[in-house]
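In what follows, a single structure is set out as structure tokens and then discussed.
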Amino acid sequence: MDARAVISVADYVNLTNHALRTIPHDGMVIEGEVADFKVSQGKWVNFDLKDEKADVKMSCFMTVFALRVPLQSGMRVQVTGYSKVFERFGKFTFNVSDVALVGEGALQKAYLALKEKLRTEGLFDVARKRSIPRFPERIGLITSTEAAAYGDFLRILQNRWTGVKVFHTPVHVQGQHAVREILAAFVQLNAMPVEERPEVIVLTRGGGSLEDLHAFNSEEVARAVFYSAIPVIVGVGHERDESLCDFVADVRASTPSNAAECVVPDRREISATVRISGDRIHDQLRYEIDRRAHTVDRAVSTLDRSIARITQSMTDVTRRFGYAFERFRLSLVATLEHVDRRAQSIDVALRRVIEERSRSVLELERILKSIDPREVLRRGYALVRVANRIIRQPSDVAPGEHLAIQLAEGSIAAVVERNVRQESLL
Amino acid sequence: MPPKKPTFGEAFQELEAITEWFETQDVDLDEGVKKFERGLELAKMLKEKLAEVENTVVTLKKKFSALDNAQGEDALL
Chain L
1496 MDARAVISVA DYVNLTNHAL RTIPHDGMVI EGEVADFKVS QGKWVNFDLK DEKADVKMSC
1556 FMTVFALRVP LQSGMRVQVT GYSKVFERFG KFTFNVSDVA LVGEGALQKA YLALKEKLRT
1616 EGLFDVARKR SIPRFPERIG LITSTEAAAY GDFLRILQNR WTGVKVFHTP VHVQGQHAVR
1676 EILAAFVQLN AMPVEERPEV IVLTRGGGSL EDLHAFNSEE VARAVFYSAI PVIVGVGHER
1736 DESLCDFVAD VRASTPSNAA ECVVPDRREI SATVRISGDR IHDQLRYEID RRAHTVDRAV
1796 STLDRSIARI TQSMTDVTRR FGYAFERFRL SLVATLEHVD RRAQSIDVAL RRVIEERSRS
1856 VLELERILKS IDPREVLRRG YALVRVANRI IRQPSDVAPG EHLAIQLAEG SIAAVVERNV
1916 RQESLL
Chain X
1068 MPPKKPTFGE AFQELEAITE WFETQDVDLD EGVKKFERGL ELAKMLKEKL AEVENTVVTL
1128 KKKFSALDNA QGEDALL
């Protein structure tokens, strides 16, 4: 017959657990990487601890009360505790009594590796960065309601700009739910109808350690930022903090307050710009009007001057004409006087000539009278003619010829009797 | 139908364009007066919008709140 003992499952599990407890746990820590980190019902913590190289893992369990560090998947930790097989589930589990993070170095290394991967894929390319609207009217806000970031963002937003509708999706920004909630928020905002959805999404939180920023360094959130149809502003912590989301974001803000500054303009600046624009177009128009008015003024004054010049020259001409006419009149008067004087002297001269001539005529008349043959005849002389020929000597006639003897008072007809030789008259 | 009221961004952009027009164009007076009036109208509209006092915050319901409950199903394992 079979000599082996038959025991129940429960007994065997007990036996196993008994044996497991013989493994010494003092002075020994187990180091590995946390994977599949979960918190259930706010009490129970489950994660796998695995080696980087070997394909081996160990289920770990602890309570949130025992967990005193912010634990995330991907972290390198050192754990202490003991192993047991849970009767109800028949599963080998390591009960963690304490967990400690293994330096920033390892986390940093993992972070840098992921960063390089995303960079290589082009998630950080400057060329794909989208500009955000200058005056967004709807803003999506992904952050925790409890965080100071929420208040800071809204306060600065209110301070700078108004009339904005903020769609807030409350999420945890750290802890186990952070990544899934942030991813869901991106999905939710992007799923809204285009005309209603935010024009820009702000993903923000305050500063923190590398562990605190886990969600903002997660590959999934980085990709969610990258694939969001709505442009994204990421503002994490303080100036010195960086997260992978910062690099993927369309606009990187340094803090939540700075995110508000990046997303909306300052109303004072815009008011000033509006005022200056108004002034400027007013001034410009004023200038144009003045310029034209000046041109018209100039034309008018040019015209005025021309008219004045013409008027002046007309006045000059008139005056000169007046002078000239006066001179002409005076010379005319002088001429007339001269002519008059001349006429008078001519008259005088003429009269003198006439007188002189009259005297000459009388003289001549007297002379003529003195030589008039009739006067001679009256003194007793006679004219003897033969056939109208004056007889000067007796030889001029022959006896028998008829003579005509003219006396002062009439004439006598006679006949020649004989020729007598000239004798002295006296 | 009256033209759609421009958004702040549209109005601001138009005002900027008018300002630029005044600074770069050889200003035609008739056109200038029209643009000036439009500029004043826009500036007034923008000032009114700037005078609005409040931002509105709408908190969206967590569509993903179910996650918390879902978490419970493998509480221990």
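Protein chains in written order, with our numbering: chain L, 1496 to 1921; chain X, 1068 to 1144.
Glycine residues also receive a C-beta, built at the ideal position from the N, C-alpha and C atoms.
> Expressed to the nearest angstrom, what Euclidean distance is found between the alpha-carbon atoms of E1690/L and E1632/L?
Replying inline: Here residue 1690/L refers to the residue found at position 195 when the first sequence is read from its first residue. Here residue 1632/L refers to the residue found at position 137 when the first sequence is read from its first residue. For the pair E1690/L and E1632/L, the Cα-to-Cα distance works out to about 11 Å.
> Using DSSP with H/G/I as helix, E/B as strand and the rest coil, what is K1072/X?
Replying inline: Taking the second sequence and counting its residues from 1, the one referred to as residue 1072/X is at position 5. In the three-state reduction of the DSSP assignment, K1072/X falls in the coil class, being assigned neither a helical nor a strand state.
> From A1903/L, D1506/L, A1748/L, R1880/L, pick the residue whose C-alpha is nearest to that of V1892/L; which is it?
Replying inline: One-based indexing of the first sequence puts residue 1892/L at position 397. The option with the nearest alpha carbon to V1892/L is R1880/L.
>> Quick check on this structure: which residue in G1099/X, E1104/X, L1117/X, E1098/X has the alpha carbon closest to the alpha carbon of T1074/X?
In response: Stepping through the second sequence from its first residue, residue 1074/X is reached at position 7. Comparing Cα positions, the closest option is L1117/X.
> Is there a Cβ from chain L that is less than 8 Å from the Cβ of T1091/X?
Replying inline: Counting from one through the second sequence, the residue named residue 1091/X turns up at place 24. Not closer than 8 Å to any Cβ of chain L, the Cβ of T1091/X fails to qualify, so no.
> By Cβ distance, which residues of its chain are closer than 8 Å to L1113/X, with the 5 residues on each side in sequence left out?
Replying inline: To locate residue 1113/X, count along the second sequence from 1; it is residue 46. Same-chain partners within the cutoff: F1075, A1078, F1079, L1082.
>> Check whether the region 1614-1625 of chain L and the region 1738-1754 of chain L touch, using three or more Cβ-Cβ pairs below 8 Å as the test.
In response: Segment contact: the region 1614-1625 of chain L against the region 1738-1754 of chain L, three or more CB-CB distances shorter than 8 Å; contact assigned.
>> Less than 8 Å between CB atoms is the rule here; does S1772/L satisfy it with respect to chain X?
In response: For the purposes of this step, residue 1772/L is taken as the residue at position 277 of the first sequence. Cβ-Cβ to chain X under 8 Å: yes for S1772/L.
> At a cut-off of 7 Å, is E1098/X close to the ligand ZN when judged by its beta-carbon and the heavy atoms of the ligand?
Replying inline: For the ligand ZN, the structure offers nothing, since it holds no ligand at all.
> With DSSP run on the structure shown, which of helix, strand or coil describes L1127/X?
Replying inline: Counting from one through the second sequence, the residue named residue 1127/X turns up at place 60. If DSSP states are grouped into helix, strand and coil, L1127/X belongs with coil.
> Just how far apart, CA to CA, sit E1896/L and N1883/L?
Replying inline: As a first step, residue 1896/L is located in the first sequence; it is residue number 401 there, counting from the start. As a first step, residue 1883/L is located in the first sequence; it is residue number 388 there, counting from the start. If you draw a straight line from the Cα of E1896/L to the Cα of N1883/L, it is about 13 Å long.
> Quick one, which residues of the region 1628-1654 of chain L are near chain X if we go by CB-CB under 9 Å, in chain order?
Replying inline: Of all residues in the region 1628-1654 of chain L, only P1628, R1629, F1630, P1631, E1632, I1634, G1635, L1636, T1640, L1649, L1652, Q1653 come within less than 9 Å of chain X when Cβ atoms are compared, listed by chain position.
>> Rounded to the nearest angstrom, what separates I1886/L and E1912/L at their Cα positions?
In response: Taking the first residue of the first sequence as position 1, residue 1886/L is located at position 391. Taking the first residue of the first sequence as position 1, residue 1912/L is located at position 417. Rounded to whole angstroms, the separation of the alpha carbons of E1912/L and I1886/L is 15 Å.
> Excluding the five sequence neighbours on either side, which residues of its own chain have a C-beta within less than 7 Å of the C-beta of L1144/X, listed in chain order?
Replying inline: Looking up residue 1144/X in the second sequence gives position 77. Since pLDDT at L1144/X reaches only 33, below the 50 mark, its modelled position is unreliable, and no value is offered.
> Can you give the Cα-Cα distance for E1104/X and I1085/X, rounded to whole angstroms?
Replying inline: Here the question's residue 1104/X lines up with position 37 in the second sequence. Here the question's residue 1085/X lines up with position 18 in the second sequence. Taking the straight line joining both Cα atoms gives about 10 Å.
>> From the DSSP secondary-structure annotation, give me the bridge partner or partners of Y1722/L.
In response: Working through the first sequence from its first residue, we reach residue 1722/L at position 227. Residue pairing by DSSP places Y1722/L in no beta bridge whatsoever.
>> Could you check whether the region 1552-1562 of chain L touches the region 1604-1616 of chain L, counting it as contact only if at least three pairs of C-beta atoms, one from each stretch, sit closer than 8 Å?
In response: Not touching, per the Cβ criterion.
>> So, does the region 1866-1880 of chain L touch the region 1841-1854 of chain L, judging by three or more C-beta pairs under 8 Å?
In response: Taking 8 Å as the limit for Cβ pairs, the verdict is that the region 1841-1854 of chain L does not touch the region 1866-1880 of chain L.
> So, do the region 1638-1657 of chain L and the region 1097-1111 of chain X have three or more beta carbon pairs nearer to each other than 8 Å?
Replying inline: Under the three-pair Cβ rule at 8 Å, the region 1638-1657 of chain L does not count as touching the region 1097-1111 of chain X.
> Which first and last residues belong to the beta strand (DSSP E) in which Y1577/L is found?
Replying inline: The sequence position of residue 1577/L within the first sequence is 82, counting from 1. That run of the beta strand (DSSP E) goes 1571-1581.
>> Is there a Cβ of chain L sitting closer than 8 Å to that of E1081/X, yes or no?
In response: Stepping through the second sequence from its first residue, residue 1081/X is reached at position 14. Closer than 8 Å: no.
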